[in-house]
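When the letters of the sequence shown are read in order and numbered with my numbering, they come out as residues 239 to 457. Every residue gets a Cβ at the ideal spot worked out from N, C-alpha and C, and that includes glycine. Treat the numbers as computed from the prediction; the structure is a model and nothing was measured.
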Amino acid sequence: MILAACPGGPTSNMITFLAAGDVALSVTLTAISSLITVFTIPLVINFSMQTFLGEGTTLQLPFLSTVLQITVITLLPVGIGMIAKRYAPGLADKVDKPVKWLSLFFLAVVITGVLLRERNNFISYVIDVGWATLVLNVVTMALGFAIATLTRLGEKSVTAITIEVGIQNGTLAIAIASTPTLLNTPTMAIPGAIYSLLMFVTGAGFAWWASRRQGLLKA
Numbered sequence: 239m240i241l242a243a244c245p246g247g248p249t250s251n252m253i254t255f256l257a258a259g260d261v262a263l264s265v266t267l268t269a270i271s272s273l274i275t276v277f278t279i280p281l282v283i284n285f286s287m288q289t290f291l292g293e294g295t296t297l298q299l300p301f302l303s304t305v306l307q308i309t310v311i312t313l314l315p316v317g318i319g320m321i322a323k324r325y326a327p328g329l330a331d332k333v334d335k336p337v338k339w340l341s342l343f344f345l346a347v348v349i350t351g352v353l354l355r356e357r358n359n360f361i362s363y364v365i366d367v368g369w370a371t372l373v374l375n376v377v378t379m380a381l382g383f384a385i386a387t388l389t390r391l392g393e394k395s396v397t398a399i400t401i402e403v404g405i406q407n408g409t410l411a412i413a414i415a416s417t418p419t420l421l422n423t424p425t426m427a428i429p430g431a432i433y434s435l436l437m438f439v440t441g442a443g444f445a446w447w448a449s450r451r452q453g454l455l456k457a
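Below, the structure written as structure tokens:
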């Protein structure tokens, strides 16, 4: 539920680029969903806690604190990027590639940290939640593709929407679960870490298929 409540992230923008999709649409969707989920994440997660862990659970996201921290994690980087692209396009183009690699490096560090902390139980966690995270990823991508195709938005837009809907911000999910001032429950970060590994496999597979499909359609 933490993963499902999160918006798309920078990874979805990168995969959209690799898949020859509409990158501008992908970035716009990321910005809009990030803005909305700043307020919906604490509501969805707290409701989920009460529903799945019971009324007596002590785990609870403080609304205002969560909104502020998610704003810093998601909206601030997106906002800086959009402002730089608008007012300093030359600088934005120069730092575009290094920033993408830096974001991937940061994601790798976060995932590695979570997995090392829970390394003794890693295999059992994969068995327990690996299938659920994979189903979440594949089903949401399939729904995004089906809806975008039915609305006849064009191949590049279909690609962007499929990836944006199907690739959640795993880094944000990990941060919400493990940050001391939020849930502070590292085991809840495991699904986010496993998901973040799986989404590269499914995302790369879809990017290859989508770019090949567009090439065949043009031919």
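Since residue i and residue j should fall inside the 8 Å C-beta cutoff, what is the C-beta to C-beta distance between them, to a whole number of angstroms?
{"i": "Thr378", "j": "Val396", "result": "About 14 Å separates the two Cβ atoms, so there is no contact after all."}
{"i": "Leu436", "j": "Leu241", "result": "Not quite, the Cβ-Cβ distance comes to about 11 Å (not below 8 Å), so this is no contact."}
{"i": "Val276", "j": "Thr309", "result": "5 Å"}
{"i": "Ile279", "j": "Ala243", "result": "5 Å"}
{"i": "Ile311", "j": "Ala413", "result": "6 Å"}
Got a sec? Which residues, its chain only, sit under 7 Å from residue i by beta carbon, not counting five neighbours each side?
{"i": "Ala386", "result": "Ser395, Val396, Ile399, Thr400"}
{"i": "Leu273", "result": "Leu313"}
{"i": "Leu353", "result": "Phe360, Ala431"}
Under 6 Å Cβ to Cβ from residue i, same chain only, skipping five residues before and after it: list those, please.
{"i": "Leu345", "result": "Thr409"}
{"i": "Leu372", "result": "Leu436"}
{"i": "Met426", "result": "Ala415"}
{"i": "Pro245", "result": "Ser271, Ser272, Thr275, Asn407"}
{"i": "Gly247", "result": "Asn407"}
I'd like the span of the alpha helix (DSSP H) that includes residue i, first residue to last.
{"i": "Val310", "result": "Per DSSP, Val310 belongs to no alpha helix (DSSP H) and is neither H nor E."}
{"i": "Thr419", "result": "Taken as a continuous stretch (DSSP letters only), Thr419 belongs to no alpha helix (DSSP H), as it is neither H nor E."}
{"i": "Pro315", "result": "314 to 325"}
{"i": "Asp260", "result": "Looking at the DSSP string, Asp260 is not in any alpha helix (DSSP H), and its letter there is neither H nor E."}
{"i": "Ile253", "result": "248 to 256"}
Taking 8 Å as the limit between beta carbons, can you name the residues of its chain near residue i, skipping five residues before and five after?
{"i": "Ser303", "result": "Thr419, Leu420"}
For the ligand MN, is there any heavy atom lying closer than 7 Å to the beta carbon of residue i?
{"i": "Met437", "result": "Although the ligand MN was asked about, the structure shown includes no ligands whatsoever."}
Spell out a yes or no on whether the region 412 to 432 and the region 346 to 359 are touching, meaning 3 or more CB-CB pairs, one atom from each, closer than 8 Å. yes
So, do the region 279 to 289 and the region 436 to 450 have three or more beta carbon pairs nearer to each other than 8 Å? no
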